[in-house]
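Enquirer:
Number of protein chains: 2
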Amino acid sequence: MPPESNLQLAKKNHLLAALPAEEFDRITKFLEPVTLKLGKVMHESGDKMSYVYFPTTAIMSLLYIMENGATAEIGIVGNDGILGVELFMGGETTTNRAIVQSAGEAFKMDTKSMKAEFTLGGMFQKMLLRYTQALIAQISQTAVCNRLHSVDQQLCRWLLLSHDRLDSDKLVMTHDLISNMLGVRREGVTLAAQKLATRGIIKNIRGSITVLNRIGLEDAVCECYNVVNAEYKRLLGPGVSRAFA
Amino acid sequence: MPPESNLQLAKKNHLLAALPAEEFDRITKFLEPVTLKLGKVMHESGDKMSYVYFPTTAIMSLLYIMENGATAEIGIVGNDGILGVELFMGGETTTNRAIVQSAGEAFKMDTKSMKAEFTLGGMFQKMLLRYTQALIAQISQTAVCNRLHSVDQQLCRWLLLSHDRLDSDKLVMTHDLISNMLGVRREGVTLAAQKLATRGIIKNIRGSITVLNRIGLEDAVCECYNVVNAEYKRLLGPGVSRAFA
DNA sequence: AATACATTGTGTGTTAGCGCACAGAACGAT
DNA sequence: ATCGTTCTGTGCGCTAACACACAATGTATT
Chain A
1 MPPESNLQLA KKNHLLAALP AEEFDRITKF LEPVTLKLGK VMHESGDKMS
51 YVYFPTTAIM SLLYIMENGA TAEIGIVGND GILGVELFMG GETTTNRAIV
101 QSAGEAFKMD TKSMKAEFTL GGMFQKMLLR YTQALIAQIS QTAVCNRLHS
151 VDQQLCRWLL LSHDRLDSDK LVMTHDLISN MLGVRREGVT LAAQKLATRG
201 IIKNIRGSIT VLNRIGLEDA VCECYNVVNA EYKRLLGPGV SRAFA
Chain B
246 MPPESNLQLA KKNHLLAALP AEEFDRITKF LEPVTLKLGK VMHESGDKMS
296 YVYFPTTAIM SLLYIMENGA TAEIGIVGND GILGVELFMG GETTTNRAIV
346 QSAGEAFKMD TKSMKAEFTL GGMFQKMLLR YTQALIAQIS QTAVCNRLHS
396 VDQQLCRWLL LSHDRLDSDK LVMTHDLISN MLGVRREGVT LAAQKLATRG
446 IIKNIRGSIT VLNRIGLEDA VCECYNVVNA EYKRLLGPGV SRAFA
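Here the protein sequences come in this chain order: A and B. The opening position of the first sequence corresponds to residue 1 in this note's numbering, with each subsequent residue numbered one higher. The opening position of the second sequence corresponds to residue 246 in this note's numbering, with each subsequent residue numbered one higher.
1. Looking at C-alpha atoms only, which residue of B:D355, B:L365, B:V322 and B:Y376 is the closest neighbour of A:M89?
2. Exposed or buried, what is A:G46 when buried is set at 16 or more other beta-carbons lying within 10 Å of its beta-carbon?
3. The beta strand (DSSP E) that contains A:I76, what's its start and end?
4. Answer yes or no: does any C-beta atom of chain A fall closer than 8 Å to that of B:Y298?
5. Taking the beta carbon of A:R206 as the centre, do at least 16 other beta carbons fall within 10 Å, making it buried, or is it exposed?
6. Around the C-beta of B:T455, are 16 or more other C-beta atoms found within 10 angstroms, so that it is buried, or is it exposed?
7. CA-CA distance, A:V189 and A:D152?
8. Helix or strand or just coil, what does DSSP make of B:I327?
9. For the candidate residues B:L427, B:L400, B:M426 and B:S424, whose alpha-carbon lies nearest to that of B:I446?
10. Taking the beta strand (DSSP E) that B:K360 belongs to, which residues open and close that run?
11. Check whether the Cβ of A:K48 sits closer than 7 Å to any heavy atom of the ligand HEM, and report yes or no.
12. Quick one: list the residues of chain A neighbouring B:Y470, beta-carbon separation under 9 Å, in chain order.
13. To the nearest angstrom, report how far apart A:D169 and A:M127 are at their CA atoms.
14. Closest Cβ-Cβ distance between A:M123 and chain B: below 8 Å?
15. Grouping DSSP H, G and I as helix and E and B as strand, with all else coil, what is A:F30?
16. Pull out every residue of the region 269-294 of chain B whose Cβ sits closer than 7 Å to any Cβ of chain A, in chain order.
17. List the residues of chain A whose Cβ lies closer than 8 Å to the Cβ of B:L191, in chain order.
18. Can you name the start and end residues of the beta strand (DSSP E) that B:L422 belongs to?
19. Please classify B:A438: does DSSP put it in a helix, a strand, or coil?
20. Taking the alpha carbon of B:S453 as the reference point, which residue from B:V417, B:I460, B:V330 and B:N425 has its own alpha carbon closest?
21. Quick one: what's got a C-beta closer than 6 Å to B:V485's C-beta in the same chain, skipping five residues either side?
22. Mind pulling the chain B residues with CB within less than 8 Å of A:G183?
23. Using the C-alpha atoms, what's the distance from A:L148 back to B:R430?
24. Could you compute how far the alpha carbon of B:A263 sits from the alpha carbon of A:I76?
25. Taking only beta-carbon atoms, is B:E362 less than 8 Å away from chain A?
26. Could you work out which residues of chain A lie near B:M305, taking near to mean beta carbons separated by less than 7 Å?
27. To the nearest angstrom, how far is it from the Cα of B:A361 to the Cα of B:Q439?
28. For the 8 Å Cβ check, are there 3 or more pairs between the region 18-37 of chain A and the region 132-148 of chain A?
29. The alpha helix (DSSP H) with B:A475 in it runs from where to where?
30. Is the region 297-309 of chain B close to the region 343-351 of chain B, with three or more CB pairs under 8 Å?
31. What would DSSP say about A:R199, mapped onto helix, strand or coil?
32. Specify, as a first and last residue, the run of the alpha helix (DSSP H) that A:T142 falls within.
33. By Cβ distance below 7 Å, which residues in the same chain neighbour B:S424 in space, the five residues on each side in sequence not counted?
34. On the DSSP letters alone, give me the boundaries of the beta strand (DSSP E) that B:L348 sits inside.
35. Ordered along the chain, which non-local residues of its own chain (more than five positions away) have a Cβ less than 6 Å from that of B:Y477?
36. Which residues in chain A sit within 7 Å of B:L374, going by Cβ to Cβ distance?
The structure is reproduced here in structure tokens:
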């Protein structure tokens, strides 16, 4: 990915941005920019991918699909992370589906180069492992939230997680799609979204939700969001790469 | 841990058993046997541990504790794994509590030695990373199961996961404790356990549950159990260490 | 402008699980 | 043997979320 503009774009991905200059320069040589459309399936359960993806503006959703077709999201990957941890964790495949939840850009890196760099044991490896731990925290909190919290709260959590990974306040997303992520009924999402709308926190327009009052959302959300957020900051936040170099 | 008998015992842990002879010999030098009582707290949320643990007969439960005291289990670690993945993943701490769910034995290994061995990049590292992926699969499935399945089904899943990691058919465990793990009411567990008992699948005695009909349990469980089980076998099952040596 | 389609809004009845309250049963200590 | 404690069993009202049905509104197509 030679063009200078791309190098700047690559830094929008937090994992890449945290690399020391030398590693960044070496690794960006293997990166290729891709544009991802909403709904694109990055991999199905059991698929072996030939690339990992570093999102910059795109957001991916990790979904589990039950035998009866019911779905539930286990995690969200945006410019804070990487899609395809199973490739360096050694399992090669995973039991979930990854789809593009918000259209945008990402950089792909072929598996072979990725594994070669990972094996070097440098900051690249360290960042990927730390990210994987953050992902574990996110998935864990999803489990807890699914168990103990209401649809209202979970919608807030989901909106905040998405909003964090997005440049805009407008989430292009139908209630039906959100219901698939949360693993609840579409009507349940409509109802919860209405409640937030009457409080002036979001605006519901056909096919999209706009965040009007971010603070209001943060007030309405359950502790799960903050726990995950704090853990991401702790593990991957500014200064991390220096702290344990 | 010199005594010969301990070496045999160490092989009861699947991760250790999968190591090539040379690595096994080197690593067992760092292992110390410990006996763990039911209910012992291995670490609290945010605690930095000085050891990782390889259970042989003990079982640990990873619990998240909400601000209001409500709890929910995110995963179970037995002789198939290791407690303390956060130590080699780089985060040092985690947001959950680990408690001993079933009393028994484990081997502890000090963090320093563990990290040194991990960094060597041998089979030890590979097995730990593969195990971590399996754990991710388990946590993910917990999230999905919490969302989409009934208490009845979840109790079956939980009983099977525990039974798998145990030598005996008798689980020393009150309904109250199980309810803390599943994040449901104690009465809900009592009810679900009664249903299984009337079908002759388990026997409920004060303070313990005995599995009478393992096949019956497997028939009653949701797909979640099988998915996780298959993933553990795929990632860590017999022949794995040879397959990618 | 008319039509088809996708999305959202709303109502009705049902159910799983909750919170609370308390009774009975098993166990442990003195 | 008795007492206190820890478990398990049971009942009752309540609520969140479900399943299903269908109306109302946008948006795209022609």
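By construction, the Cβ of each residue, glycine as well, lies at the ideal position given by its N, Cα and C atoms. Nothing here was measured: the structure is a model prediction, and the numbers come from that model.
Expert: In short:
1. In the first sequence, the residue the question calls residue 89 of chain A occupies position 89. It is B:Y376.
2. Counted from its first residue, the first sequence places residue 46 of chain A at position 46. Exposed.
3. Taking the first sequence and counting its residues from 1, one reaches residue 76 of chain A at position 76. Element bounds for A:I76: T71 to V77.
4. Residue 298 of chain B sits at position 53 when you count from the first residue of the second sequence. So, not an interface residue.
5. For the purposes of this step, residue 206 of chain A is identified with residue 206 of the first sequence, where counting begins at 1. Exposed: under 16 other Cβ atoms inside 10 Å.
6. Translated into the one-based positions of the second sequence, residue 455 of chain B becomes position 210. So B:T455 ends up on the exposed side.
7. Taking the first residue of the first sequence as position 1, residue 189 of chain A is located at position 189. Taking the first residue of the first sequence as position 1, residue 152 of chain A is located at position 152. Roughly 8 Å between the two C-alpha positions.
8. Within the second sequence, the letter at position 82 stands for residue 327 of chain B. Here B:I327 sits in coil by DSSP.
9. Against the second sequence, residue 446 of chain B aligns to sequence position 201. Nearest of B:L427, B:L400, B:M426 and B:S424 to B:I446, Cα basis: B:L400.
10. Counting from one through the second sequence, the residue named residue 360 of chain B turns up at place 115. First-last for B:K360: T356 to T364, but that is the alpha helix (DSSP H), not the beta strand (DSSP E).
11. This structure lacks the ligand HEM, and indeed carries no ligand of any kind.
12. On the second sequence, residue 470 of chain B is found 225 positions in, with the first residue counted as 1. Simply none; closest approach about 13 Å.
13. Locating residue 169 of chain A in the first sequence gives position 169, where the first residue counts as 1. Locating residue 127 of chain A in the first sequence gives position 127, where the first residue counts as 1. Looking at the two C-alpha atoms, the distance is approximately 29 Å.
14. Taking the first sequence and counting its residues from 1, the one referred to as residue 123 of chain A is at position 123. False, the Cβ-Cβ gap to chain B never drops below 8 Å.
15. Residue mapping note: residue 30 of chain A aligns to position 30 of the first sequence, counting from 1. DSSP places A:F30 in coil when its eight states are reduced to three.
16. none
17. Since the first residue of chain B shown is 246 and the last is 490, residue 191 of chain B is not available in this structure.
18. Against the second sequence, residue 422 of chain B aligns to sequence position 177. Per DSSP, B:L422 belongs to no beta strand (DSSP E); it is in the alpha helix (DSSP H), H420 to L427.
19. Here residue 438 of chain B is taken as the residue at index 193 of the second sequence, counted from 1. Helix at B:A438.
20. One-based indexing of the second sequence puts residue 453 of chain B at position 208. Nearest option by C-alpha distance: B:V417.
21. On the second sequence, residue 485 of chain B is found 240 positions in, with the first residue counted as 1. Correct list: empty, nothing qualifies.
22. The residue labelled residue 183 of chain A in the question sits at position 183 within the first sequence. Simply V389, R392 and L393.
23. Locating residue 430 of chain B in the second sequence gives position 185, where the first residue counts as 1. Locating residue 148 of chain A in the first sequence gives position 148, where the first residue counts as 1. Those two C-alpha atoms are separated by around 11 Å.
24. Position 18 of the second sequence, counted from the start, is the residue given in the question as residue 263 of chain B. Position 76 of the first sequence, counted from the start, is the residue given in the question as residue 76 of chain A. So the alpha carbons of these two residues sit roughly 33 Å apart.
25. As a working note, residue 362 of chain B is residue 117 in the second sequence. Chain A, which has no Cβ nearer than 8 Å to the Cβ of B:E362, makes this no.
26. As a position in the second sequence, residue 305 of chain B is number 60, starting the count at 1. Under the 7 Å cutoff, chain A gives no residues; its nearest Cβ is about 15 Å from B:M305.
27. The count along the second sequence starts at 1 and reaches residue 361 of chain B at position 116. The count along the second sequence starts at 1 and reaches residue 439 of chain B at position 194. Roughly 50 Å between the two C-alpha positions.
28. no
29. Reading the second sequence from its first residue, position 230 is the one you call residue 475 of chain B. Segment E468 to L481, the alpha helix (DSSP H) holding B:A475.
30. yes
31. Position 199 of the first sequence, counting from 1, holds the residue named residue 199 of chain A. In this structure, A:R199 counts as coil in the three-state DSSP scheme.
32. The count along the first sequence starts at 1 and reaches residue 142 of chain A at position 142. Unbroken alpha helix (DSSP H) run through A:T142: M123 to L148.
33. Indexing the second sequence from 1 puts residue 424 of chain B at position 179. Cβ neighbours of B:S424 beyond the five flanking positions: R430, R431, G433 and V434.
34. The residue given as residue 348 of chain B occupies position 103 in the second sequence. Per the sequence shown, the amino acid found at residue 348 of chain B is Ala instead of Leu. Segment: none, B:A348 is in no beta strand (DSSP E) and carries neither H nor E.
35. Counting from 1 along the second sequence, the entry for residue 477 of chain B is found at position 232. Excluding residues within five positions, the ones whose Cβ falls inside 6 Å are A379.
36. Taking the second sequence and counting its residues from 1, the one referred to as residue 374 of chain B is at position 129. M89 and G90, listed in chain order.
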